[in-house]
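Chains as they are written, first to last, in our numbering: chain A, 923 to 1137; chain B, 27 to 186. Idealized CB from N, CA, C, for every residue including glycine.
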Amino acid sequence: MSSSGQYSYSYIFKYIIIGDMGVGKSCLLHQFTEQKFMPDCPHTIGVEFGTRIIEVHGEKIKLQIWDTAGQERFRAVTRSYYRGAAGALMVYDITRRSTYNHLSSWLTDTKNLTNPNTVIFLIGNKMDLEGSRDVRYDEAKKFAEENDLIFVEASAMTGENVEQAFLETAKKIYQNIKDGKLNANMTESGVQHKERGGPASLGDSSSSDKPNCSC
Amino acid sequence: MADDILNEVVSPEDLTRFERLYHEELHNGSVSRMTQFNYSFCLVRSEFCADIRKGILLLEELFKTETEDIDRKRDYLYYLAIGNARIKEYTKSLKYCRAFLAIESENSQVQHLESIVKKRMETEGLKGMALAGGAVLALGGLIGLGLAMAKKGNKESGSK
Ligand SMILES: Nc1nc2c(ncn2[C@@H]2O[C@H](COP(=O)(O)OP(=O)(O)OP(=O)(O)O)[C@@H](O)[C@H]2O)c(=O)[nH]1
Ligand SMILES: [Mg+2]
Chain A
923 MSSSGQYSYS YIFKYIIIGD MGVGKSCLLH QFTEQKFMPD CPHTIGVEFG
973 TRIIEVHGEK IKLQIWDTAG QERFRAVTRS YYRGAAGALM VYDITRRSTY
1023 NHLSSWLTDT KNLTNPNTVI FLIGNKMDLE GSRDVRYDEA KKFAEENDLI
1073 FVEASAMTGE NVEQAFLETA KKIYQNIKDG KLNANMTESG VQHKERGGPA
1123 SLGDSSSSDK PNCSC
Chain B
27 MADDILNEVV SPEDLTRFER LYHEELHNGS VSRMTQFNYS FCLVRSEFCA
77 DIRKGILLLE ELFKTETEDI DRKRDYLYYL AIGNARIKEY TKSLKYCRAF
127 LAIESENSQV QHLESIVKKR METEGLKGMA LAGGAVLALG GLIGLGLAMA
177 KKGNKESGSK
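(1) So A:Asp962 contacts chain B; which residues on that side make the cut at Cβ distance below 9 Å?
(2) With a threshold of 7 Å on Cβ separation, who are the neighbours of A:Thr1017 within its own chain once the five nearest residues in sequence on each side are excluded?
(3) Check whether chain A comes within 9 Å of B:Tyr48, counting only Cβ atoms and requiring the distance to be less than that.
(4) Run through chain B and tell me which residues come within less than 8 Å of A:Ile968, C-beta to C-beta.
(5) With a 10 Å radius around its C-beta and 16 neighbouring C-beta atoms as the bar for buried, classify B:Ala164 as buried or exposed.
(6) Taking only the alpha-carbon atoms, compute the straight-line gap between A:Gly980 and A:Phe1088 and give it to the nearest angstrom.
(7) Nearest chain B C-beta to A:Arg1005 closer than 9 Å, yes or no?
(8) Measure the CB-CB distance between A:Ile1072 and A:Leu1044 and report whether it falls below 9 Å.
(9) Would you mind working out which of A:Thr1032, A:Gly941, A:Gln957 sits nearest A:Met1079, comparing C-alpha positions?
(10) Does the CB of B:Val36 have a neighbour CB from chain A at under 9 Å?
(11) Rounded to the nearest angstrom, what separates A:Asp1070 and A:Tyr1096 at their Cα positions?
(12) Kindly indicate which three-state DSSP category A:Gln986 falls into: helix, strand or coil?
(13) Starting from the beta carbon of B:Asn64, find every residue of chain A whose beta carbon is closer than 8 Å, and list them in chain order.
(14) For B:Gln135 and A:Ser1111, what's the separation of their Cα atoms in angstroms?
(15) So, helix, strand or coil for B:Val136, using DSSP?
(16) Apart from the five residues on each side of it in sequence, which residues of its chain come closer than 7 Å, Cβ to Cβ, to A:Arg974?
(17) Got a sec? Which residues, its chain only, sit under 6 Å from B:Leu84 by beta carbon, not counting five neighbours each side?
(18) Spell out the partners DSSP gives A:Arg974 in its beta bridges.
(19) Contact check, A:Ile938 vs A:Ala1007 under 8 Å by CB: the rounded distance?
(20) When every heavy atom of ligand 2 is checked, does at least one fall within less than 8 Å of the C-beta of A:Lys947?
(21) Whose CA, out of A:Glu1068, A:Ala1092, A:Arg995, A:Gly1046, lies closest to the CA of A:Val1074?
(22) Hey, which unbroken runs of the alpha helix (DSSP H) at 4 residues or more fall wholly within the stretch 66-108 of chain B?
(23) Taking 9 Å as the CB-CB cut-off, is B:Ile82 touching chain A?
(24) Could you work out which residue in B:Val70, B:Phe44, B:Leu69 is closest to B:Ser58 when comparing CA atoms only?
(25) Is the closest heavy atom of ligand 2 to the C-beta of A:His965 under 8 Å?
(26) In angstroms with no decimal places, state the Cα-to-Cα distance between B:Ser121 and B:Val36.
(27) Just grab the DSSP bridge partners of A:Phe1088 for me.
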């Protein structure tokens, strides 16, 4: 394996993607990691994981992204993934008002379960379906401003603004580190600073590299 | 490198919280499927093999007794595959992946897990066993799976 290129990054940022079922969380992740759209994406079971290395101000950053299941029956267990997230992408579907109405409950969970510096990014997905729009842009924009969220409408199908959402979040986190608001290497911060070298995992000390048990 | 899904570990607080709920309900005479699933979900993500094994038993029990809800059956299959992969029971893990894919062949989440498990087997030199496991399953299909699970026991489930 040619590990050097793939593994040389100086930070790991942990993200979570949350929101009602069917809003397009998995498609957004897939579009971001594979640059492809999955038309018939099945409901996520529990959580799915994705990763990609990006660059912010000349530094390589590995994004570790936990895509949670939106179906109600997973709500209790997916909450455990919020802890130690540096970024939270909160998604609704612009063609389904109910998914927008539920945002305040997603936001409450996020605020309660993450740290105060977690960057929360609001995504109004499926902007390609303008004809069936059910939530106005300026309305969501206002909600975002009131709650101090960064906001963009995007489409996992066309890819529009998808990169932007993931990258802007990383830039904001990076800025927080530079401003001293975030302490890299505290697990709760969702950020890990690395010396150049081997792969590592974020979120718990025991997870890196080794298989988790030896039986 | 993409196999963090098999490496991430449940936090002790979460494990304790869902464990307490489970035991409360057990004490009161009946455990809801939701509580049992949530507890198993934490157990199979534990760093301790004993926990993972216990989670697997609880999931097997859920799978066996779930008659109606196909969605839940797929949840159980998926986490059975995860749990078994974590204790290096790769052949069993693949069996559950394939059982799942026999019902829903296009599921990318399970395809992803299957490829991670296969890769691990290869690096750990167990390739032959992967093939053998596949052959058995091809014959038995889901029925075989049910039987295999019926044979293994409730007995061991120390939580009772
Ligand atoms: N037109 C359009 N369809 C989309 C878009 N994003 C997702 N979809 C479709 O919406 C459906 C649900 O997408 P998913 O990504 O599975 O939704 P999810 O939020 O991950 O759902 P859960 O895993 O159940 O929480 C799929 O059939 C997608 O094809 C988009 O930007 N535009
Ligand atoms: Mg999904």
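The short version:
(1) Counting from one through the first sequence, the residue named residue 962 of chain A turns up at place 40. In chain order: Glu132.
(2) For this step, residue 1017 of chain A is matched to residue 95 along the first sequence. Counting only Cβ-Cβ distances below 7 Å, and skipping sequence neighbours, we find Lys1048, Leu1051, Ser1054, Arg1055, Asp1056.
(3) Taking the first residue of the second sequence as 1, we reach residue 48 of chain B at position 22. No, no contact with chain A.
(4) Translated into the one-based positions of the first sequence, residue 968 of chain A becomes position 46. With the sequence shown as reference, residue 968 of chain A is identified as Gly, and Ile is not the correct amino acid for it. Result: Phe67, Asp101, Tyr104, Tyr105.
(5) Your numbering for residue 164 of chain B matches position 138 in the second sequence. Residue confidence for B:Ala164 is low, a pLDDT of 46 falling below 50, so the modelled location carries little weight; the figure read from the coordinates is stated next. Classification of B:Ala164: exposed, given that the 10 Å Cβ count is below 16.
(6) For the purposes of this step, residue 980 of chain A is taken as residue 58 along the first sequence, with counting starting at 1. For the purposes of this step, residue 1088 of chain A is taken as residue 166 along the first sequence, with counting starting at 1. Cα to Cα, the separation comes out at about 16 Å.
(7) Taking the first sequence and counting its residues from 1, the one referred to as residue 1005 of chain A is at position 83. It does; some Cβ of chain B falls within 9 Å.
(8) Residue numbering aside, residue 1072 of chain A sits at position 150 when the first sequence is read from its first letter. Residue numbering aside, residue 1044 of chain A sits at position 122 when the first sequence is read from its first letter. Yes; because the gap between Cβ atoms is below 9 Å, this pair is in contact.
(9) Residue 1079 of chain A sits at position 157 when you count from the first residue of the first sequence. The shortest C-alpha separation from A:Met1079 is found at A:Gln957.
(10) Walking along the second sequence from the start, residue 36 of chain B turns up at place 10. Judged by the 9 Å Cβ criterion, B:Val36 is in contact with chain A.
(11) Residue mapping note: residue 1070 of chain A aligns to position 148 of the first sequence, counting from 1. Residue mapping note: residue 1096 of chain A aligns to position 174 of the first sequence, counting from 1. Between the C-alpha atoms of A:Asp1070 and A:Tyr1096 there is a straight-line separation of about 18 Å.
(12) As a working mapping, residue 986 of chain A is identified with position 64 in the first sequence. Under the three-state reduction of DSSP output, A:Gln986 falls in the strand class.
(13) Numbered from 1 along the second sequence, position 38 holds the residue referred to as residue 64 of chain B. At a C-beta separation below 8 Å, B:Asn64 has these neighbours in chain A: Ala998, Val999.
(14) Position 109 of the second sequence, counted from the first residue, corresponds to residue 135 of chain B. Position 189 of the first sequence, counted from the first residue, corresponds to residue 1111 of chain A. Distance between the alpha carbons of B:Gln135 and A:Ser1111 is about 28 Å.
(15) Looking up residue 136 of chain B in the second sequence gives position 110. It is helical.
(16) Position 52 of the first sequence, counted from the first residue, corresponds to residue 974 of chain A. Only residues of its own chain outside the window of five on either side were considered, and among them Phe954, Thr955, Leu985 have a CB closer than 7 Å to the CB of A:Arg974, listed in chain order.
(17) What you label residue 84 of chain B is simply residue 58 of the second sequence in a count that begins at 1. Residues Gln62, Ser66 of the same chain have their beta carbon placed closer than 6 Å to that of B:Leu84, with the five preceding and five following residues left out of the count.
(18) Within the first sequence, residue 974 of chain A is the residue found at index 52, counting from 1. Paired residues: A:Leu985.
(19) Within the first sequence, the letter at position 16 stands for residue 938 of chain A. Within the first sequence, the letter at position 85 stands for residue 1007 of chain A. About 5 Å separates the two Cβ atoms, so the contact holds.
(20) To locate residue 947 of chain A, count along the first sequence from 1; it is residue 25. Correct: A:Lys947 has its Cβ closer than 8 Å to ligand 2.
(21) To locate residue 1074 of chain A, count along the first sequence from 1; it is residue 152. Of A:Glu1068, A:Ala1092, A:Arg995, A:Gly1046, the smallest CA-CA separation from A:Val1074 is found for A:Gly1046.
(22) Qualifying alpha helix (DSSP H) stretches, in chain order: 75-91.
(23) Position 56 of the second sequence, counted from the first residue, corresponds to residue 82 of chain B. Output row for B:Ile82: interface = no.
(24) Counting from one through the second sequence, the residue named residue 58 of chain B turns up at place 32. Checking every option, the nearest Cα to that of B:Ser58 belongs to B:Phe44.
(25) Within the first sequence, residue 965 of chain A is the residue found at index 43, counting from 1. Indeed, a heavy atom of ligand 2 lies less than 8 Å from the Cβ.
(26) Sequence index remark: in the second sequence, residue 121 of chain B carries index 95 (1-based). Sequence index remark: in the second sequence, residue 36 of chain B carries index 10 (1-based). It is Lys, not Ser, that sits at residue 121 of chain B in the sequence shown. Each residue's alpha carbon lies about 24 Å from the other.
(27) Residue mapping note: residue 1088 of chain A aligns to position 166 of the first sequence, counting from 1. As DSSP reads the structure, A:Phe1088 sits in no beta bridge.
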